[in-house]
Structure formats: structure tokens, C-alpha cells
Amino acid sequence: KSVSAGRKVVASTGATAATTTTCRRSGASRSSQKKALLGSVKCGFKGVEVSKASRGAARRAMRAQAARAEVGDTLEEFLEKSTDDKKLRTLMLSMGEAIRTIAFKVRTASCGATACVNSFGDEQLAVDLLADKILFETLKFSGCCELACSEEVPEPLQMGGEGFSVAFDPLDGSSIVDTNFSVGTIFGVWPGGELTNVTGRDQAAAAMGVYGPRTVYCLALKDAPGCHEFLLQD
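To convert a position in the sequence shown, counted from 1, into this note's numbering, add 704.
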């Protein structure tokens, strides 16, 4: 089971109510008649504008409402109702399992330096390389990943699958693991086999695993507005 917290999406149906204002000739001046007429015209144009967008807005709102994670949903249940893409569901579930494994390793693995530096000039710790290895292996065995790269290995590697490409930071904040602060895994998912000339807007999904007193998996899907948080439970 899991606990999730997502943004509440309020659906607007776009329905308008037509009102008719009548002025008695004996008690209404020309100016008041003019104001009443203008008010009626403005209301009518507003209704026309809303009605044009109402169908699309209603569809998006219904989709978002259906996809919103509820307290008690498991990760698998949420993904099932949030996306029809089976490969994306498989990929996000696989990454969830990798985060579960890394959460254990963060608590128990060595945080010693490896005398290695990545291409960004950061010293690589043993726990960095361990998390990196776990994630690459997970993506390779998922069967849904074409290319993958990381902060430790920035050159895209072939993963042998089809569907998506993933870029990730295996363990952000690893240098403060020994101080017992929260650290995390961050990754983005893009459709197809490209990790160059793509932007955040092109992503199919993005997520992070946070390893602190509790381990949480926060994810966002392109077709499910909001960020949804799942708690790792034994």
C-alpha cells in the first residue's frame, strides 16, 4: 500500500445560465436600458467563448480527476488508471523497484571515496557507483528502455529495449550521506531513442526517490497532471 498526495484538479463544465433583463418603460431611463442591454450582450459572448472550450476542458478534467492518486493506492494501481502505455507502466514500476534496492544500500553501503572523478569534476563515492549500477541494470532488464545516461556515465548507452530513453542522477547529495541528511535519485523519461535535442516539455514522465527517515517515490506523468507521492512500506 502507499500514501499519495496529488494536486486537486477542479473541473469546470463551462455551463452558463442565460438571464433576461426587462425594463419597464415607465420606470427605466434610457441609460438603464442601455446598461441592461450591454450586460445581456456581454453575458452572451462569454457563454459562446466558454462553450467552445468546454468539451476539451471537460475531457481533460475528467482524465485528471480519474488519474488522481488516492490514499491507499499502490503504485501499480495508480499507473494502471493513469496511462494506457504498458511500457511506460513497466518502466516506472521497474524504477520503483530500483529505488527500493537503493534505499537499502544507502543505509548499509560504504560512503568512502573511490579516487575517481566523473566528467563534471565530482568525486565519485562507492555508494554513487553502486546506485548507478543498479539503475543501469534495472533499465536493461526492463525491456522498455532504448538509451540511458547518468551523471556518472553521461554518454548514452544502449539498453537493448524499445519505447523510452532515460537520463538520471543515481544519488543526488551523496556527499552528505554520512551526515544522515536526505538524498535522492532523480530521473526523466523521454519517448523514443533520443537523449539529445530534447527538453523537459518532451518528457513522458519524471520522478525522484527520496531516501530519508522514510523512502518516498514522487512521480509525474505527462497524461496525469500533478505530482504523486508513494511511501515505501515493508
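We put the beta carbon where it would ideally sit given N, CA and C, even for glycine.
Fair warning: this is a prediction, and the values are worked out from it, not measured in the lab.
Given a cut-off of 8 angstroms on the beta-carbon distance, is the pair residue i and residue j in contact?
i	j	result
Ser878	Val831	yes
Ser886	Val914	yes
Asp882	Trp894	no
Ala871	Gly892	yes
Glu850	Pro874	no
Leu868	Lys926	Sequence inspection shows Phe at residue 868; the Leu mentioned does not correspond to that position. No, the pair does not count as a contact, with Cβ atoms beyond the cut-off.
Asp876	Gly864	no
Ile838	Ala813	no
Lys809	Leu834	yes
Leaving aside the five residues before and after residue i along the sequence, list all residues of the same chain whose C-beta is less than 8 angstroms from its C-beta, in chain order.
i	result
Leu779	Ser706, Met796, Leu797, Gly800, Tyr921, Phe934
Ala924	Ala909, Ala910, Ala911, Gly930, Cys931, His932
Glu784	Arg793
Arg804	Thr919, Leu936
Phe845	Ser798
Ala807	Gly913, Tyr915, Thr919, Leu936
Along the alpha helix (DSSP H) that carries residue i, what are the first and last residues, could you check?
i	result
Gly800	790-812
Leu783	779-786
Quick one: give me the first and last residue of the beta strand (DSSP E) that residue i is part of.
i	result
Gly913	909-915
Gly930	928-935
Thr919	919-925
To which residues of the same chain is residue i closer than 6 angstroms at the C-beta, ignoring the five residues directly before and after it?
i	result
Asp836	Ser854, Glu856, Pro874
Asp938	none
Excluding the five sequence neighbours on either side, which residues of its own chain have a C-beta within less than 7 angstroms of the C-beta of residue i, listed in chain order?
i	result
Gly916	Ser886
Leu899	Leu851, Cys853, Pro860, Ser869, Ala871
Ser786	Ala771, Leu925, Asp927, Ala928
Leu843	Cys849, Ala852, Met863, Val870
Gly902	Reading the sequence as shown, one finds Val at residue 902 and not Gly. If we look at Val902 and ignore the five residues flanking it on each side, its Cβ neighbours are Trp894.
Ile880	Val887
Gly847	Gly865
Ile890	Phe872, Asp873, Asp876, Met912
Gly897	Glu850, Leu851, Ser869
Run the proximity test for residue i: is its beta-carbon closer than 7 angstroms to any non-hydrogen atom belonging to the ligand GDP?
i	result
Ser846	Ligands are entirely absent from the displayed structure, and the ligand GDP is therefore not among its contents.
Segments of 4+ residues assigned as alpha helix (DSSP H) that fall wholly inside the segment 816-895:
830-846
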